[in-house]
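Only one structure is covered here, and it is reproduced in the block below.
In the numbering used here, the protein residues as written are 514 to 1238.
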């Protein structure tokens, strides 16, 4: 039977020994995705398994984070000081290094249901052991793999005089696993749950806060604290800005928002802030992009371009930094309540956030409360902020402050008058502006979360993924909370039939995982007035050769065609819901890159999906990178499209070098590009003085040997070509 008080440990090896003593030598270790992993404990268990071949260690997880290392000499020179500065004493996971190098011992395996995108494409063991699972099914599938040890990094503090732990970044699967593990324990299976305290983890309240007795073992020693993995913001490209601009106009004021990490999500946040804070500028950007001319009817019908007067509520499996920026900008402010009665009245406009006499009258009129108040009802009214803390129930009476005592019956004039005069609260309490499953972002994001006052932190509810990613369990409340939802995700490719490819290749190679994307797309088709929006960069580059991300067909899909909804590229918006195949194909052709439109059009005609005489209208045949550049450059010069709209950890030199090295890498990825780059490098004359600080950053200011001189010339050539020097 699960003990009521955990065993507190201060030594890693003692913790490992206790785990083995409780479950034996077959350990199926479940650890959270992202930053919630207790890295010191995981490494200690892995070391024990390497030293003892009779110990079987199966690691079950997702998003194993790795510090960037770089593959080329220039990348390594660029990244080494950057990684040292940004990641500090972040502790690498030893199993990740060995898995990548093919060094995992035979008694150790690692299975993940979601990869850090693109990081394990060529790692054979990871590809073979990948578990394809919806986020909402992850806990079930981990248990199916025999999970018997759950280990989690937690925050700790005293709350109301009692010791409390917090799942911090990762309650989303753990909250589902705990009751499953208790069921296994009751069936006589040996299981153990372990928390490792890390003082760097932000303490989150609400569903993420638990008593220490939730765990069997708590490992707590400052020696094992380490810096959280800080994922720096990446720059936002011109095409991403155009995609984000159009997406922001489909977000309805008073609605619900889900977004993900990366440049596309940052662009949406940037334009939502502009829409709210500098509305005339925002409208001008939309006009200049042609979005209002082409998609004005759709924007007016399901979105909007006005400021966010009512605000947004966030329901997102991933709590990205952008949500915090929306909160600070006064946009993320539509609070929802885990109370069906209150939420329904709020949605109807029968009551507001501010408490007044109408609030009480409405509750009485709608039968939410009776005029004769009992102790339980009084406590409910106080917890929701409708009555203030001075009101107490005493032996059938209401004490309002110290001086007033009246019968607990609002039908009595003196009681009603006393409550209205002295007993009402000011605003509803217990509201949440964001439900999130896990968080991941740059170091400044974690700093901001740690610095939030408790009252503000409580407006963010980190919770189980089942509460966010689907409707089952409390459907009536979820439907009310998630009104006018916009579930915005990215995808890699879209077929002309409207299917989306988001997680892998037709070869079977897994790029990332389905995660919660299918959940959100399916939910968008179930919720009234909800829409799924998939963001798609229209092309990708392989070497110097571009390819279309809108294709006729593909041998792998993540989202099937029957769930097609809205797709946005830098060239426009395709509204696919309820459309015929012909209409879907036409809409997607209109937002494809014009270099690939003829071939796509011919493919559709060849399969008799379009009339032989159909032609793409002239207004959609100018979908070119030059058009994107012509829109972006004037606005960039005005400072409206910054490279890093949410801020950056990079220095000025690093921002310039990142652009130059990325361009050089693309150039060197093809034979002709390599020859061109080499020729330009050889033609470089005296080094411009302005290049000095960039060369110094790469330790190439005084090259020694032929190799360093060649690298120096390549860098200087690229800096000149990019106009940086």
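A virtual CB, placed ideally from N, CA and C, is assigned to each residue, including glycine.
Reference residue i; option with closest CA among the options
| i | options | result |
| --- | --- | --- |
| residue 800 | 830, 767, 762, 653 | 762 |
| residue 1196 | 1164, 609, 1231, 685 | 1231 |
| residue 1083 | 963, 756, 1020 | 756 |
| residue 1163 | 528, 569, 595, 585 | 595 |
| residue 607 | 663, 550, 660 | 550 |
| residue 1262 | 1004, 840, 670, 960 | A question about residue 1262 goes unanswered here, because the residues of the chain that appear run from 514 up to 1238. |
| residue 996 | 679, 1044, 1012 | 1044 |
| residue 815 | 999, 951, 633 | 999 |
| residue 662 | 861, 545, 778 | 545 |
| residue 553 | 644, 631, 519, 740 | 740 |
| residue 953 | 588, 1020, 714 | 714 |
| residue 1037 | 1053, 1051, 1072 | 1072 |
| residue 1224 | 819, 612, 591 | 591 |
| residue 512 | 700, 1016, 1098 | Because the chain here runs from 514 to 1238, residue 512 falls outside it and cannot be looked at. |
| residue 707 | 542, 1172, 944 | 542 |
| residue 872 | 929, 1005, 842 | 929 |
| residue 565 | 932, 651, 665, 618 | 618 |
| residue 721 | 538, 759, 666 | 666 |
Residue i: first and last residue of the uninterrupted alpha helix (DSSP H) it sits in
| i | result |
| --- | --- |
| residue 1221 | 1218-1234 |
| residue 1181 | 1165-1181 |
| residue 1034 | 1030-1037 |
| residue 1141 | 1138-1150 |
| residue 930 | 926-931 |
| residue 1188 | 1184-1195 |
| residue 555 | 552-564 |
| residue 965 | Neither: residue 965 is in no alpha helix (DSSP H) and is coded neither H nor E. |
| residue 656 | 651-657 |
| residue 1205 | 1205-1210 |
| residue 695 | 687-699 |
Residues that DSSP places opposite residue i in a beta bridge
| i | result |
| --- | --- |
| residue 676 | 671 |
| residue 948 | 828, 974 |
| residue 543 | 573, 663 |
| residue 622 | 571 |
| residue 918 | 912 |
| residue 937 | 900 |
| residue 1014 | 1006 |
| residue 1001 | 1046 |
| residue 722 | 679 |
| residue 1023 | 1017 |
Collapsed DSSP secondary structure at residue i in the structure displayed
| i | result |
| --- | --- |
| residue 886 | coil |
| residue 571 | strand |
| residue 1200 | coil |
| residue 522 | strand |
| residue 646 | coil |
| residue 987 | coil |
| residue 1007 | strand |
| residue 771 | strand |
| residue 629 | coil |
| residue 528 | helix |
| residue 1237 | coil |
| residue 764 | coil |
| residue 641 | helix |
| residue 736 | helix |
| residue 1129 | coil |
| residue 727 | helix |
| residue 982 | helix |
| residue 1242 | Given a span of 514 to 1238 for the chain in the structure shown, any question on residue 1242 remains unanswerable. |
| residue 702 | coil |
| residue 636 | coil |
| residue 614 | coil |
| residue 752 | helix |
Residue i - containing beta strand (DSSP E), residue span
| i | result |
| --- | --- |
| residue 1048 | 1044-1048 |
| residue 730 | 730-732 |
| residue 709 | 705-710 |
query = Whole alpha helix (DSSP H) runs in the stretch 1053-1127 with 4 or more residues, listed along the chain?
reply = Segments of the alpha helix (DSSP H) lying fully in the stretch 1053-1127: 1094-1102, 1110-1119.
query = Which ranges does the beta strand (DSSP E) cover as unbroken runs of at least 3 residues, wholly within the stretch 833-913, from first to last along the chain?
reply = As far as the stretch 833-913 is concerned, its whole beta strand (DSSP E) runs of at least 3 residues are 904-907, 910-913.
message = Quick check on the DSSP output: what are the complete alpha helix (DSSP H) runs of length 4 or more inside the stretch 572-610, in order along the chain?
response = Those alpha helix (DSSP H) runs which fall completely within the stretch 572-610 and span 4+ residues are 586-600.
request  = Return the chain-ordered ranges of every beta strand (DSSP E) run that is complete within the stretch 783-827 and spans a minimum of 3 residues.
outcome  = None, since the stretch 783-827 contains no complete beta strand (DSSP E) of that length.
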